[in-house]
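What follows is a set of notes on a single structure, which appears directly below.
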Amino acid sequence: MKLLVCIKQVPDLESRFKPNSEGVWYNETDLAFRMNEYDEYAVEQAVQLREKMGDGCELTVLSIGPDRVVEAIKKSLAMGCDNAVHVQDSAASSKDPWQIASIISAYAKDKGFDVIFTGMQSQDRGSAQVGVTVAEQLGIACTTTVVGFVYDNGTITARRELEGGIKAAVKLNTPALVTCQLGLNIPRYPTLPNIMKAKKKEIVAIPVADLLNEAPLAATTSFHPPAKKGGGIVLEGDVGELVDKVIAILKDKTAVLR
Amino acid sequence: MKTLLIGEYRDGKLLESTYELLGFADQLGAETALLLVGSESQLPEYSGTLYLADAATCGEYNPNLHKKLVLDAVQQENPDYIVFLHSSYGWDLAPRVAASLKAAQISEVIAASDGSFEVGCCNAKMRRSVKPATGKTVITIQAGAFPVLQPGGSPTIKKLTATGSGSLEFVGYEPAEKKDVDLAKAEIIVSAGRGIGKKDNVPVIRALATALGGELGASRPVVDAGWVEHSHQVGTTGQTVSPKLYVACGISGAIQHLAGMKKSDFILAINKDKDAPIGEVADVLVVADVMQFVPALTAKLAK
Chain A
4 MKLLVCIKQV
14 PDLESRFKPN
24 SEGVWYNETD
34 LAFRMNEYDE
44 YAVEQAVQLR
54 EKMGDGCELT
64 VLSIGPDRVV
74 EAIKKSLAMG
84 CDNAVHVQDS
94 AASSKDPWQI
104 ASIISAYAKD
114 KGFDVIFTGM
124 QSQDRGSAQV
134 GVTVAEQLGI
144 ACTTTVVGFV
154 YDNGTITARR
164 ELEGGIKAAV
174 KLNTPALVTC
184 QLGLNIPRYP
194 TLPNIMKAKK
204 KEIVAIPVAD
214 LLNEAPLAAT
224 TSFHPPAKKG
234 GGIVLEGDVG
244 ELVDKVIAIL
254 KDKTAVLR
Chain B
54 MKTLLIGEYR
64 DGKLLESTYE
74 LLGFADQLGA
84 ETALLLVGSE
94 SQLPEYSGTL
104 YLADAATCGE
114 YNPNLHKKLV
124 LDAVQQENPD
134 YIVFLHSSYG
144 WDLAPRVAAS
154 LKAAQISEVI
164 AASDGSFEVG
174 CCNAKMRRSV
184 KPATGKTVIT
194 IQAGAFPVLQ
204 PGGSPTIKKL
214 TATGSGSLEF
224 VGYEPAEKKD
234 VDLAKAEIIV
244 SAGRGIGKKD
254 NVPVIRALAT
264 ALGGELGASR
274 PVVDAGWVEH
284 SHQVGTTGQT
294 VSPKLYVACG
304 ISGAIQHLAG
314 MKKSDFILAI
324 NKDKDAPIGE
334 VADVLVVADV
344 MQFVPALTAK
354 LAK
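Top line first, the protein sequences correspond to chains A and B.
Numbered per the numbering used here, the first sequence spans residues 4 to 261.
Numbered per the numbering used here, the second sequence spans residues 54 to 356.
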């Protein structure tokens, strides 16, 4: 059995973002990068299936981006992936979801993966397109926003998260792709022995030009902060004074404090 | 300009969010046609063309079949834009339609002008303007970003059918968990977010809720981490609330959370990050360490 999990490295979302010189995405200076949170659930689920299937099952992790993404790849290897593919692309952030999906599909198309895992979306771009588009390009079954996953003999039983706490149960035959939602499992922390073991695992580097044959279908023309709506008061300073100010405002503006 | 709007139907009911698609098309100033995999007994109040497929035979979640139905209507209607809600139905189906048409897809649109679309990114802290480069464009719109437009009237129905199942089978729905707290009825909600740091700090937030006579709420990461039970979750996958006072403690303000609480009468947010998106909807943003400010506020209220 062959498994693939696709991950993205994203900046810490607590950061402050400034436009890059082209004004179409963020400037990476001063940003700390880590694995996209949704993808941590995807890696964990893939590793759990890999462990369940045992010998003869192979789990590959793939990431597209500049050299920094190797850190996220190493974390996946330490979590339990067997080997890795780094699609080297210093301009990955300027590609649209169609191109990113096409790169993954070009890599995966003749590899015979039984199950492909992706995050439901990235935290920085949030388009929620790449996973489904890969499945369409490969012509395999797909379901999204998965919060439950059971594999048994070529069939996946997945629980999709809908709105308002409702879930839907879905069955898919492999080969299939699932996009993973937060809360699907509890992603493990790599242990020190596993981090050491991961250092010996292979990371195959492939230049993006070898896999990309598609032009973008959409272009980002501007990256900017939201227009400030105003109206809201921002209070800063000493905590004691802030408390007094807030109580005064609540008494004045709401009917809940008297 | 022409739009094909893909409505939503679940568990035998037309979803109200379908009318937000009409609100979006109205802002574009575009002609509309609607597509629904639903039922003739649940027709939208709409006087244009309705491409209608029967959910009893086509299923409520059968993306391969629904894709065929949408592509059939696209061929008949030749729209410039094919528009979905950015929902568990829309984000699942839209990329399949876009891939078949090799059309650009722009996700979770919050505003439109001049053939360019505004979307949020970086956890709603930033925006992108995106321009499609293809003749047809698939769009998903953010829930609640466009007004509900219910034009009234009865649609002209064009029936659609498709067959085939593909390798996916819908088994059934699981209802939401029983709630031990009905936040929708609460007048005051004090919610904990990831900014509280750890599970041990939840009682500090609960103490403020008690001091104010309110209920405890929570953001998704706090629930996923197991710090607070799901029944307290506020947001699109939890409860949608509109209390008289909403206090957001250490909640940065992901889109899904904001959608669940932004209609509150008064919003007080405590966050150490002055630029956190929660500031966009807050009446008062206190820039402070939540674990210093909240206990101090609770103590003062108790006096």
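Ideal placement from N, C-alpha and C gives every residue a C-beta, glycine not left out.
If you're wondering where the values come from, they're calculated on a predicted model, not measured in any experiment.
{"Item": "Within chain A, the residues that S100/B reaches when beta carbons sit closer than 7 Å", "Value": "Within chain A, no residue comes near S100/B; the closest Cβ sits about 28 Å away, beyond 7 Å."}
{"Item": "Contact with chain B by A171/A, beta-carbon distance below 8 Å", "Value": "yes"}
{"Item": "Residues, ordered as in the chain, of the segment 185-197 of chain A that lie near chain B by beta-carbon distance below 8 Å", "Value": "L185, G186"}
{"Item": "Local conformation of T71/B per DSSP, three classes", "Value": "helix"}
{"Item": "Integer Cβ distance of K150/B from V191/B, believed to fall under 8 Å", "Value": "Checking the displayed sequence, the identity of residue 150/B turns out to be Val instead of Lys. Indeed, because the Cβ distance is near 6 Å, the residues count as touching under 8 Å."}
{"Item": "Chain B within 8 Å of G115/A, Cβ atoms only", "Value": "no"}
{"Item": "Short Cβ contact (8 Å threshold) for G59/A with M4/A", "Value": "yes"}
{"Item": "Beta-carbon separation (whole angstroms), E211/A vs I106/A, contact threshold 8 Å", "Value": "One detail in the question is off: residue 211/A reads as Val in this sequence, not Glu. Indeed they touch by this definition, with Cβ atoms about 6 Å apart."}
{"Item": "Contact belief for V64/A with L80/A at Cβ below 8 Å, rounded distance in angstroms", "Value": "7 Å"}
{"Item": "Chain-ordered residues of the segment 53-75 of chain A with a beta carbon less than 7 Å from chain B", "Value": "none"}
{"Item": "Own chain partners of E239/A with C-beta closer than 6 Å, once the 5 adjacent residues on each side are dropped", "Value": "none"}
{"Item": "Within-8 Å CB hit, T223/A to chain B", "Value": "yes"}
{"Item": "Start-to-end residues for the beta strand (DSSP E) that takes in L57/B", "Value": "55-59"}
{"Item": "Continuous alpha helix (DSSP H) assignments of at least 4 residues falling wholly in the segment 63-137 of chain B", "Value": "71-81, 108-111, 116-130"}
{"Item": "Local conformation of G83/A per DSSP, three classes", "Value": "coil"}
{"Item": "Nearest-angstrom Cα separation, counted from Y114/B out to L96/B", "Value": "19 Å"}
{"Item": "Simplified DSSP state of R180/B, which is helix, strand or coil", "Value": "strand"}
{"Item": "Among L187/A, I250/A, T148/A, N176/A, the one whose alpha carbon lies nearest that of H139/B", "Value": "T148/A"}
{"Item": "Residue-chain proximity (F226/A, chain B), Cβ-Cβ < 8 Å", "Value": "yes"}
{"Item": "Neighbouring residues, chain A, relative to D253/B (Cβ below 8 Å)", "Value": "The contacting residues do not exist; D253/B stays about 18 Å from chain A at best."}
{"Item": "Paired residues, beta bridge with M38/A - DSSP", "Value": "Q12/A"}
{"Item": "Contacts of R163/A in chain B (Cβ-Cβ under 9 Å)", "Value": "Y114, S141, D145"}
{"Item": "Exposure of K120/B, with buried meaning 16 or more beta-carbon neighbours within 10 Å", "Value": "buried"}
{"Item": "Within chain A, partners of G225/B - CB distance below 8 Å", "Value": "A171, A172"}
{"Item": "Cross-chain neighbours of H283/B in chain A, by beta carbon under 8 Å", "Value": "G168"}
{"Item": "Residue-level contact to chain A via CB, T187/B, 8 Å cutoff", "Value": "yes"}
{"Item": "Where G225/B falls: helix, strand or coil (DSSP)", "Value": "strand"}
{"Item": "Meets three-Cβ-pair contact criterion under 8 Å: the segment 133-145 of chain A and the segment 114-122 of chain A", "Value": "yes"}
{"Item": "Within chain A, partners of K178/B - CB distance below 9 Å", "Value": "L16, S18, R19, F20, P228, P229"}
{"Item": "C-beta neighbour in chain A for S272/B, strict 8 Å", "Value": "no"}
{"Item": "From D125/B, R180/B, K316/B, P200/B, residue whose alpha carbon lies closest to that of T216/B", "Value": "D125/B"}
{"Item": "Buried versus exposed, by CB contacts within 10 Å (16 or more), L288/B", "Value": "According to the sequence provided, residue 288/B is Gly. The question's Leu does not apply to it. Buried."}
{"Item": "Cβ-Cβ distance between F346/B and V242/A below 8 Å", "Value": "yes"}
{"Item": "Own chain partners of I103/A with C-beta closer than 8 Å, once the 5 adjacent residues on each side are dropped", "Value": "I67, A95, V133"}
{"Item": "Sequence-distant residues of its chain with Cβ nearer than 8 Å to L253/A (five each side left out)", "Value": "V259, L260"}
{"Item": "Contact with chain A by V243/B, beta-carbon distance below 8 Å", "Value": "no"}
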